[in-house]
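Okay, structure first, notes after.
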Amino acid sequence: MKNGETSKLLQVLEESRNYIENGQEIPNEFCRILFPPEKREYELMYYGKESSESIISNTMPVPLQEDGIFPTGVKVKKDEWINKLISGQNLQVLKTLLKMKQEGNLKNFDGTDGIRLIYIDPPFSTRKDFNAKGDEQKAYSDKLSGATFLEWLRKRLVILKELLSDDGTIYVHLDYRKCHYVKVLMDEIFGENRFLNEIVWCYTSPANQKNNFPKKHDIILAYTKSDKHIFNADSVRIPYKGISDGGTKFGEGLDENTKQEYLEKGKIVEDWWIDISPVARLVNQQTGYPTQKPEALLERIINASSNKGDIVLDCFAGSGTTPIVAERLDRRWIAIDVGKLSIYTIQKRLLNLKDYKTKKKISIKPFMKYSAGLYDVDKLNDFDEENWKLFAMELWGCNPIEQTIKGFAFDGEKNNNLVKVFTPHELKRLKAKISIETIQTIDSTINNSAGSEIFIIAPQGQFAFAEDDIELKDRIYHILRIPYSMLAKFTENFTIPVQPKNFNNVNEAIESEGFDFNQPPTVEFEIKNDELIIKKFKSNSRIKGEEETDLSMVLIDYEYKKDIFELDEVLFNKEHFKNGRAKINTKKIKNKAMFIFIDSAGNEKKVVYNE
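The opening residue of the sequence shown carries number 599 in the working numbering; numbering runs sequentially from there.
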């Protein structure tokens, strides 16, 4: 750089500093000097945009807690792949999956690492007043839009790219609202040369438009990880039509054998799809879940870009069309959603999967349901000692690194400080609680051979003192309890995965971070004259966020049996209840029914009725 250019750049930097200190925006002409366009072909710039490296490093992974295997009672070998239905905030779960990939635990049938095919149908950014942390409005009145939406989605796309196998493909399903912005983002993240297709899915449904043309298509953007991606052309052929768009008959000029061969083989479908009906026209597929996509759409995508035994991921699983179709097509699958309604909808669809032709129920491969971010305290005791340690350290963001200091064994590191985990198994063997004397013994043993901070993790109730910090000489011992005590300095950014209170908010995008333990709400109710009457509902959630938690929804299984909940009806607080009363169909209760009361933080209270 010449002296004159350097001097001008320094001057602009100094003047930009003055603008920033005065709370003003930097002028566009300054931006062009600081970030000359010729240095980068193009980039979508907006306030709050993080670097890809920062997104990956700053996203906190969360451990996966097993909630149960389905079909119940099935046995799976230790190293055998099991499909995954994960309830949790997808950004943190994706970081956990990335860790699994790096450790070699995310493999396709052929042994390759990573996800072969990703399909996502994220919220379309339909409103204009979203605040990700709920800092100006109550959480579920907030809607994602503008730059906030783009960065929210971009964070997930950055990690999704890392999750793909080297020959993997990602499909992102959008509508007219944000598809053009997302195209630019994906060009940045994946590279414009990795753009595969802009698929236009056209459909028809009633419309009463008088001021413009009815909007009856979605956009699906397809990108690959490399030029060696999978594309099974013969798997996505469709029949030739008798007359072409130009008016000529099919096969003119061809001999009959060649013509017949073409007819039998069919043609590769173009990037405009008009032969797939929306779910509104498919009564036999309807679940009642908003934004549900037809199975034929996912069949085409999964057949085109994956093979049997490949892993298919959908981290906005919604009604579960992706795992349903992946199961039919003999793919491995991972489905993630933050909504409890989504998880129970998918669970029922999988357990009642039927053959297309015979309509008979078909057997499915085992899948495990996991919790990620909201955990069941009672199931912590199901872990063996080693896994209890790993689970506890993952909850608190510790790296499991064993090391011994002067004969005392530590289990991990957090922020470059030592971590000691006391498991319930170890404390049972010791027949003792952790006391101040225990901490003093550790301190005198390691003496000056450790840093100024040490973390102690152990079950809540296993400490003989109430303090969260113990200071001895020049060292502080931070006490982390499982379930955790709310230490502001470690959990100040935690926010709840808010659940909807009406049908229209089911598919809204909500940002959350951190973890909690399920605190079942206190519920008193009765059923009388075809009404569910809630006499008392009290949420016991530890993380309140900006909104006091209350009833979100009630899920009902009218014919509860075999200890498996199968969703029959959902009652939303703001939609179905009036003065604590909601209409239900008591005639459907033949024997036992189950009611799941869910608060707006996702905590569940399960009640079996007529037991």
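Ideal placement from N, C-alpha and C gives every residue a C-beta, glycine not left out.
With 16 other CB atoms within 10 Å as the buried threshold, where does residue i fall?
i	result
Met643	exposed
Gln622	exposed
Ile941	buried
Gly709	exposed
Tyr774	exposed
Cys800	exposed
Asn950	exposed
Ser605	exposed
Gly652	With the sequence shown as reference, residue 652 is identified as Ser, and Gly is not the correct amino acid for it. Ser652 is exposed by the Cβ-count criterion.
Leu1028	exposed
Asn616	exposed
Asn1177	exposed
Asn656	exposed
Thr1147	buried
Asp976	exposed
Ala831	exposed
Glu613	exposed
Asp935	buried
Looking only at its chain, what residues have a beta carbon closer than 6 Å to the beta carbon of residue i, apart from the 5 residues adjacent to it on each side?
i	result
Gly686	Ala970, Gly971
Lys1203	Pro1118, Pro1119, Val1121, Phe1195
Ile1003	Ile1044, Ser1047, Ala1048
Val1019	Lys987, Ala990, Asp1009, Ile1055
Ile716	Leu758, Ile768, Leu911
Glu1051	Asn1015, Ile1074
Phe914	Ile718, Asp719, Pro720
Pro1057	Pro1022, Ile1080
Give me whichever residues DSSP pairs with residue i in a beta bridge.
i	result
Ile1037	Per DSSP, none; premise fails for Ile1037.
Ser685	Asp935, Ser969
His1076	Phe1053, Asp1067
Trp799	Asp816, Trp871
Tyr821	Ile768, Phe793
Lys1204	Ile1194
Val1168	Leu1153
Asp1114	Leu972
Gln663	Ser969
Phe989	None, per the DSSP bridge assignment.
Ala1062	Paired residues: none, contrary to the question.
With a CB to CB cut of under 8 Å and the five nearest residues on each side skipped, what residues in its chain are close to residue i?
i	result
Pro964	Ile667, Phe668, Pro669, Val672, Val674, Ile680, Asn681
Tyr645	Ala745
Leu704	Leu695, Met698, Asp711, Gly712, Ile713, Leu761, Ile909
For residue i, which residues of its own chain have a beta-carbon under 7 Å away from its beta-carbon, when the five flanking residues on both sides are left out?
i	result
Ser739	Because Ser739 carries a pLDDT of 36, less than 50, the predicted location of this residue cannot be relied on, and the following value inherits that uncertainty. There are no such residues.
Thr1021	Glu983, Trp986, Lys987
Asp785	Phe793
Thr943	Thr885, Tyr887, Ser917, Gly918, Leu1165
Pro721	Leu742, Asn1105, Glu1106, Ala1107
Thr802	Lys814
Lys863	Arg835
Phe1193	Val1152, Ile1154, Val1205, Tyr1207
Thr889	Asp719, Gly916, Asn1105
Gln1038	Leu1070
Ser1150	Gln1097, Pro1098, Lys1099, Asn1171, Ile1196, Asp1197, Ser1198
Asp953	Ile960
Looking at residue j and residue i, is the spacing between their C-beta atoms short of 8 Å?
i	j	result
Ile962	Leu978	no
Ile757	Leu692	yes
Asn1280	Asp908	This structure leaves residue 1280 out entirely; the chain is present only between 599 and 1209.
Arg1243	Gly789	Within the shown structure, residues of the chain are numbered from 599 to 1209, placing residue 1243 beyond reach of any answer.
Pro922	Val910	Per the sequence presented here, residue 922 reads as Ile, with Pro not at that position. Against a cut-off of 8 Å, the Cβ pair of Val910 and Ile922 comes out as no contact.
Leu861	Lys823	no
Asn1171	Lys1126	no
Val1017	Phe1053	yes
Ile874	Pro892	yes
Tyr973	Phe1115	yes
Asp853	Val798	no
Lys967	Gln945	yes
Leu689	Lys753	yes
Ile1040	Phe1006	yes
When the cut-off is 8 Å and only beta carbons count, does residue i lie next to chain D?
i	result
Glu1167	Absence of chain D from the displayed structure is noted, only one protein chain being present.
Run the proximity test for residue i: is its beta-carbon closer than 7 Å to any non-hydrogen atom belonging to the ligand FMN?
i	result
Lys759	With respect to the ligand FMN, the structure offers nothing, as it holds no ligand at all.
*Take every Cβ of the stretch 773 to 780, pair it with every Cβ of the stretch 802 to 821, and state whether three or more of those distances are shorter than 8 Å.*
yes
*Does the stretch 1063 to 1083 touch the stretch 983 to 994, meaning 3 or more C-beta pairs lie closer than 8 Å?*
yes
*Count the C-beta pairs between the stretch 1175 to 1185 and the stretch 1152 to 1167 that are closer than 8 Å, then say yes if the count reaches three, no if not.*
yes
*Can at least three beta-carbon pairs, one atom from the stretch 918 to 937 and one from the stretch 891 to 906, be found at a separation below 8 Å?*
yes
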